[in-house]
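Report on the following structure.
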Amino acid sequence: MAELYKNFIDGKWRAATSGATFENRNPANRDEVIGLFPASTAEDVDAAVQAAKQAFAAWRLVPAPKRGELLYRVGELLRQYKEDIARGMTREMGKILKETRGDVQEGIDTAFYVAGEGRRLFGETTPAELPNKFAMSVRTPIGVCALITPWNFPMAIPTWKMFPALLCGNTVVLKPAEDTPQTAQRLIEILIEAGIPSGVVNLVHGRGEDVGAALVRHPDVQLVSFTGSAAVGREIASVCGQNLKRVSLELGGKNAQIVMEDADLELAVEGALWGAFGTTGQRCTATSRLIVHRDVAKTVTDALVARAQKIRIGDGLDESVDMGPLINAAAREKVLRYIEIGKREGARLRSGGGVHDAGVCAKGYFFQPTIFDQVKPNMRIAQEEIFGPVLSIVEIQSFEEAVQVMNSTPYGLSSSIYTQDVARAFRAMRDIEAGITYINGPTIGAEVHLPFGGVKDTGNGHREAGTTVYDIFSEWKSIYVDYSGKLQKAQIDNN
Ligand code: NAD
Numbered sequence: 028m029a030e031l032y033k034n035f036i037d038g039k040w041r042a043a044t045s046g047a048t049f050e051n052r053n054p055a056n057r058d059e060v061i062g063l064f065p066a067s068t069a070e071d072v073d074a075a076v077q078a079a080k081q082a083f084a085a086w087r088l089v090p091a092p093k094r095g096e097l098l099y100r101v102g103e104l105l106r107q108y109k110e111d112i113a114r115g116m117t118r119e120m121g122k123i124l125k126e127t128r129g130d131v132q133e134g135i136d137t138a139f140y141v142a143g144e145g146r147r148l149f150g151e152t153t154p155a156e157l158p159n160k161f162a163m164s165v166r167t168p169i170g171v172c173a174l175i176t177p178w179n180f181p182m183a184i185p186t187w188k189m190f191p192a193l194l195c196g197n198t199v200v201l202k203p204a205e206d207t208p209q210t211a212q213r214l215i216e217i218l219i220e221a222g223i224p225s226g227v228v229n230l231v232h233g234r235g236e237d238v239g240a241a242l243v244r245h246p247d248v249q250l251v252s253f254t255g256s257a258a259v260g261r262e263i264a265s266v267c268g269q270n271l272k273r274v275s276l277e278l279g280g281k282n283a284q285i286v287m288e289d290a291d292l293e294l295a296v297e298g299a300l301w302g303a304f305g306t307t308g309q310r311c312t313a314t315s316r317l318i319v320h321r322d323v324a325k326t327v328t329d330a331l332v333a334r335a336q337k338i339r340i341g342d343g344l345d346e347s348v349d350m351g352p353l354i355n356a357a358a359r360e361k362v363l364r365y366i367e368i369g370k371r372e373g374a375r376l377r378s379g380g381g382v383h384d385a386g387v388c389a390k391g392y393f394f395q396p397t398i399f400d401q402v403k404p405n406m407r408i409a410q411e412e413i414f415g416p417v418l419s420i421v422e423i424q425s426f427e428e429a430v431q432v433m434n435s436t437p438y439g440l441s442s443s444i445y446t447q448d449v450a451r452a453f454r455a456m457r458d459i460e461a462g463i464t465y466i467n468g469p470t471i472g473a474e475v476h477l478p479f480g481g482v483k484d485t486g487n488g489h490r491e492a493g494t495t496v497y498d499i500f501s502e503w504k505s506i507y508v509d510y511s512g513k514l515q516k517a518q519i520d521n522n
């Protein structure tokens, strides 16, 4: 009998009011049911938002250093349960244990980094232009925040949003992805153990079209923080636009690694393999294009193909496995569709290109690491996000052409260049249109104390992580204190 999970609303575990549930299955073995989760509706969303609204009245007045202290406890508990959470996450979404441990570690790093910010939530003091007047700016909380998250970083992304939101004095309703509800449940259990007051954090499971959409439309939700696909992001942005809600969007990518002819090729190949096939290519920062100088294209491509064929595919709980399954049947169909599109467009399939269903893999959504070469920059496989283990290799003849190809997609999340030439490296840092640029490193590997996000269709200009995340979850208030005892008029008195 599958375990039955609940929503967490106003400090209590509750079934969906409809009583309906949905199944969560292991993508490495479809026969394994992880649990039944509430298929919630707008009614449950309303209860959660009302709880968060009520809790806001007291939470916003808790001093920020005290809110931070609670997050220290959360960080300690995440550390304590790290291995267990990682194993559950691998069962739930497939990526290998090394990566799920890294995912939890990102939550731990975020907890400690954000907790420290409780004593550093600085505003500014500045001279006023009039005598006997004091001027300062302070950050104020916004209210109820809806956090809508994807499945590929089931712990890291919710914590990236939730911890800064709480530190700033907001209350939250988390709507995790349908494919990873259990990891979200673990996070909430830890918050409860750390002593989070009732109503400050609420969890509502269910479909994006039901729960996510109801949250976005709810009049008492002041801010929506969304990570997911560009298509859903656009919809959310338009609803928020109509209602003048604050909205921050972290969307897709079509990230590329440039390999120049002077690069350390061994290092570049290693970086491309990790960037393209880590997390089965299902990272928003995954390397899905390799832009390689023609003088070294053959060497690099041959080495990549040889190494890709050695990647061990299987259940991520097996420590000897390099690459787990895709998340679900729809993802596998999408990748297969793009393989056909690539072939039709005239790209050459050099490796993989099919499902991997040998032996114990028959019951999962496994896919071969796939490499296309002879890819033209305008082909769909070089323009659209596939979100699977597919690398498209584009040959170029100069640094200028490399940057032009790099910048030719609608997205701008992560980027990388391998070169030994310091002048080229600096030109790349300046000219590549992306939120993140790595020099001699793969497109993945963000650290939590630097801003994270992208340009163009990857988002709407916000940056999570770093200190920039506080600009998402707080508003500025400017305060003037006039102790002159008379009416003073700025600008006008100064004439
Ligand atoms: P998705 O857009 O399908 O779903 C994301 C979340 O939105 C889920 O919780 C889903 O239930 C919810 N949702 C779906 N429809 C909704 C609606 N109409 N209204 C409100 N919520 C709705 O994305 P996904 O498949 O879960 O994740 C993969 C995508 O996420 C990729 O495009 C990837 O690049 C992107 N991503 C971006 C970042 C980043 O930081 N830029 C990080 C990770 C993933």
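For the sequence shown, the working numbering gives the first residue as 28, with consecutive numbering after it. Every residue, glycine too, gets a C-beta built ideally from N, C-alpha and C. Just so you know, these numbers come straight off a predicted model, no measurement behind them.
For S511, there is no enclosing beta strand (DSSP E), as DSSP marks it with neither H nor E. By the Cβ-count criterion, E277 is buried, with 16 or more other Cβ atoms from all chains shown falling within 10 Å of its own Cβ.
At the C-beta level, V131 and A155 stay beyond 7 Å of one another. When rounded, the separation of the alpha-carbon atoms in S505 and K188 is 25 Å. Look at the beta carbons and you see the region 145 to 161 touching the region 78 to 96: at least three pairs across the two are nearer than 8 Å.
DSSP places Y445 in the strand class (E or B) of the three-state scheme.
Boundaries of the alpha helix (DSSP H) harbouring E360: 356 to 372, taken from the DSSP string. Straight-line measurement puts the Cα of G255 at about 17 Å from the Cα of V200.
Annotated as proximal: V141 and L194, with beta-carbon spacing under 7 Å. The residues I338, R339, in chain order, have a CB closer than 6 Å to that of D349 in the same chain once the five nearest residues on each side in sequence are set aside. Between the C-alpha atoms of L317 and S419 there is a straight-line separation of about 6 Å. Secondary structure note for G302: its alpha helix (DSSP H) is the uninterrupted segment 292 to 304. Using a C-beta cut-off of 8 Å, the region 171 to 184 makes contact with the region 306 to 317, since at least three inter-stretch Cβ pairs fall below that distance. Burial is judged here by how many other beta carbons sit within 10 angstroms of a residue's own beta carbon; Q447 has fewer than 16 and is exposed. In this structure, the alpha-carbon of R334 lies about 19 Å from that of I471. Per DSSP, the beta-bridge partners of R375 are D400. For M163, the enclosing beta strand (DSSP E) covers residues 160 to 167. Distance check between G488 and each of G439, S67, K516 places G439 closest, using alpha-carbon atoms only. DSSP places F414 outside both helix and strand once states are collapsed to three, so it counts as coil.
Collapsing the DSSP output to three states places P352 in coil.
The residues I285, M287, I318, H320, I423, I444, in chain order, have a CB closer than 8 Å to that of A429 in the same chain once the five nearest residues on each side in sequence are set aside. When C-alpha distances from L230 are compared across A240, L214, S442, E360, the shortest belongs to L214. When DSSP assignments are scanned along the region 245 to 292, the uninterrupted stretches of beta strand (DSSP E) that are 3 or more residues long and fall wholly within it turn out to be 250 to 254, 273 to 277, 282 to 286. Pairing Q107 with E297, the inter-Cα distance amounts to about 32 Å. For the region 422 to 502, the continuous alpha helix (DSSP H) assignments of 4+ residues that do not extend past its boundaries occur at 426 to 433, 449 to 458, 496 to 500, in sequence order. By the Cβ rule, the region 50 to 60 counts as touching the region 389 to 408, because three or more pairs are nearer than 8 Å.
Scanning I368, P437, G381, N434 for the CA closest to the CA of R407 turns up I368.
Per DSSP, the continuous alpha helix (DSSP H) segment holding G129 begins and ends at 124 to 144.
Annotated as distal: V327 and I398, with beta-carbon spacing of 7 Å or more. Looking from the CA of V449, the closest CA among D289, A385, F64, V72 belongs to D289. Between the ligand NAD and S256, a heavy atom-to-CB distance of less than 6 Å is present.
Counting the other Cβ atoms within 10 Å of the Cβ of R457 gives fewer than 16, which makes it exposed.
The continuous alpha helix (DSSP H) containing E96 extends over residues 91 to 107. For the ligand NAD, a non-hydrogen atom lies closer than 6 Å to the CB of W178. Proximity of the beta carbon of I169 to the ligand NAD is not indicated: no heavy atom of the ligand is located closer than 6 Å. Within 6 Å of the C-beta of I175 there is at least one heavy atom belonging to the ligand NAD.
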